[in-house]
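Notes for the one structure printed next.
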Amino acid sequence: MYEIGTSSFLHCFFSTVAYRLENDRWGSKFPKVMNELYQGKLSWKNAFVAKRELEQIREGLDELLPDKVIWDIGDLSEQPPWGNNISNTITSLGNYFVTSDGRDFIEVFNSALDTAMEIKEDVLIQ
């Protein structure tokens, strides 16, 4: 089990990816991560492809400043509860997303995908 954080924070990650990296076309570029995983279940058989997608997502987010975060793709006027009051160690959207226990969000997903492939179990978001 991996701790991520609140559902709104998780939605923020997916909203940012869809809006900034997929040109507001959810799942068009990263279908395994954005469609399967976001819906709550990713087959372990798709974990390798999802890892490649996460690598591309990280590269894309690394190019974007933190003020480009999208809190809710359904309402672009929404802002994170903390606004722009973020740590000065956050230099891009590539390191913006941190789990509730302080770990890099994308690395946690990668670990979950590695485990899924190793034990041949699906990844679930609950």
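Just so we're aligned, residue 1230 is where the sequence shown starts under the working numbering, counting upward by one. Where a beta carbon is used, it is the ideal one built from N, C-alpha and C, also for glycine. Quick caveat: nothing in here was measured; it's all calculated off a predicted structure.
Discussion item. For T1235, tell me which candidate among T1328, T1344 and D1343 has the shortest Cα-Cα distance.
Written reply: T1328
Worksheet item: How is the alpha helix (DSSP H) around F1259 delimited, first residue to last?
Response: Note, F1259: premise wrong, no alpha helix (DSSP H); not H, not E.
Worksheet entry | Candidates D1301, P1295 and I1335, of which the one nearest D1318 by Cα | Residue identity check: residue 1318 is Thr in the sequence provided, not Asp. When only C-alpha atoms are compared, the closest one is P1295.
Worksheet item: For the candidate residues G1269, L1290 and L1239, whose alpha-carbon lies nearest to that of L1353?
Response: G1269
Worksheet item: Applying the criterion that 16 or more other CB atoms from any shown protein chain within 10 Å of the CB defines a buried residue, is S1244 buried or exposed?
Response: buried
Discussion item. Give me the DSSP bridge partner(s) of D1333.
Written reply: V1327
Item to complete: Answer with buried or exposed for R1254, where buried requires no fewer than 16 other C-beta atoms within 10 angstroms of its C-beta.
Response: exposed
Practice prompt. Quick one: using the 10 Å Cβ neighbour count with 16 as the cut-off for buried, is K1274 buried or exposed?
Written response: exposed
Worksheet item: Near R1249, what residues of its chain come up, given a Cβ to Cβ distance below 8 Å and the 5 sequence neighbours on each side ignored?
Response: G1289, L1290, L1293, K1297, I1299 and L1322
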